[in-house]
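Going by my numbering, the first residue of the sequence shown is number 214, and it counts up by one from there.
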Amino acid sequence: MTLALPADFLRLPIAHRALHDVTDGRPENSLAAIRAAIAAGYGIEIDLQLSADGHAMVFHDYNLERLAEGSGPINLLTREQAQAIPLIGGDGEGIPDLATVLDLVAGQVPLLIEVKDQDGQLGPDVGALERAAAEALKGYSGLVALMSFNPNSVAELARLSPEVPRGIVTSAYDLASWPELTGPICDRLREMPDLDRVGASFISHEASDLSRPLVRQTRDTGLLILCWTVQSEAEERAARAFADNVTFEGYLSPLPG
Numbered sequence: 214m215t216l217a218l219p220a221d222f223l224r225l226p227i228a229h230r231a232l233h234d235v236t237d238g239r240p241e242n243s244l245a246a247i248r249a250a251i252a253a254g255y256g257i258e259i260d261l262q263l264s265a266d267g268h269a270m271v272f273h274d275y276n277l278e279r280l281a282e283g284s285g286p287i288n289l290l291t292r293e294q295a296q297a298i299p300l301i302g303g304d305g306e307g308i309p310d311l312a313t314v315l316d317l318v319a320g321q322v323p324l325l326i327e328v329k330d331q332d333g334q335l336g337p338d339v340g341a342l343e344r345a346a347a348e349a350l351k352g353y354s355g356l357v358a359l360m361s362f363n364p365n366s367v368a369e370l371a372r373l374s375p376e377v378p379r380g381i382v383t384s385a386y387d388l389a390s391w392p393e394l395t396g397p398i399c400d401r402l403r404e405m406p407d408l409d410r411v412g413a414s415f416i417s418h419e420a421s422d423l424s425r426p427l428v429r430q431t432r433d434t435g436l437l438i439l440c441w442t443v444q445s446e447a448e449e450r451a452a453r454a455f456a457d458n459v460t461f462e463g464y465l466s467p468l469p470g
């Protein structure tokens, strides 16, 4: 079943990994960046990774080095251990879990959640992170939508949380940008063959590839088009010729009047 994406996901620009700016003490996916996005009135996009003890952690990378004061894979840490590791450029706050973020957002702005691929090849070896996300979302009454690059993950989310709108994160799948994937996998995913199977109500597509005819054709079928990631007002204006909303970072996207 395809669920409608609430209008606020289209009305409010979506802050990529929340409204982050390490020069102001707001790392990616941090509670500080989430607070700033709420205060500004933006929608929020966050990422989920799995902890060693089965919790959904709000963190983008598979390894700690770029974003946190630690090293190694995040999935080797328990929730408590991850929460104790400070984010680089922040004020000492650690890696939050999804439950904490949901308590903070509390329905004040829309929340777009990307479930990071746990298979490694965007294949079928998924389930634990999707279960953790679905468990954390039980009882949450705010506007929320789920998405993943991995269509199998989106299918599992549809099974576990059928009441939550969902979409697929899509890309040009240039093989040079996806060294972990094979050519046949990229060729298949580039054609977006899983939209009906997962009951997608939207895609979030790579901004530089929005003019591809297939994206236009997808929009013509009634599917909503979000995009990632624009980094200036000029890029945003170009993207909005093809997309219903943008995910932005590095500047302040204009809010509706």
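Even for Gly, the Cβ is constructed at its ideal location relative to N, Cα and C.
- Per DSSP, the beta bridge partners of residue 234 are 239.
- The Cβ atoms of residue 276 and residue 330 lie no closer than 8 Å to each other.
- Excluding residues up to 5 positions away in sequence, 215, 367, 379, 380, 381, 407, 436 lie with their Cβ nearer than 8 Å to the Cβ of residue 413 in the same chain.
- With contacts defined by Cβ atoms closer than 8 Å, residue 260 and residue 327 form a contacting pair.
- Distance from the CA of residue 233 to the CA of residue 398, rounded to the nearest whole angstrom, comes to 32 Å.
- In the DSSP annotation of this structure, the continuous segment of the beta strand (DSSP E) that includes residue 383 starts and ends at 379-383.
- Within the region 259-316, the runs of alpha helix (DSSP H) at least 4 residues long that lie entirely inside it are, in chain order, 292-296.
- For residue 419, the uninterrupted beta strand (DSSP E) run begins and ends at 415-419, by DSSP.
- Assigned with DSSP and collapsed to three states, residue 361 falls in strand.
- Take residue 385, set aside five residues on each side of it, and the residues of its chain with a beta-carbon closer than 8 Å to its own are 403, 419, 421, 422, 425, in chain order.
- Cβ neighbours of residue 297 within its own chain (closer than 7 Å, five residues either side excluded): 307.
- By the Cβ-count criterion, residue 445 is exposed, with fewer than 16 other Cβ atoms from all chains shown falling within 10 Å of its own Cβ.
- The Cβ neighbour count for residue 316, taken over all protein chains shown within 10 Å, is under 16; the residue is labelled exposed.
- Taking a contact as a CB-CB distance under 8 Å, the pair residue 349 and residue 269 counts as one, their CB atoms being some 5 Å apart.
- Of the residues assessed, residue 434 falls on the exposed side of the cut-off, its CB having fewer than 16 other CB atoms within 10 angstroms.
- The closest CA to that of residue 273, considering only 442, 334, 262, is found on 262.
- Take residue 460, set aside five residues on each side of it, and the residues of its chain with a beta-carbon closer than 6 Å to its own are 227, 229, 258, 441, 442, in chain order.
- Here residue 367 carries a helix assignment [DSSP, helix/strand/coil].
- Residue 430 and residue 246 have their C-alpha atoms spaced approximately 35 Å apart.
- Looking only at 284, 264, 338, 344, the smallest Cα-Cα distance to residue 372 is reached by 344.
- With a cutoff of 8 Å on beta-carbon distance, residue 250 and residue 322 are scored as near each other.
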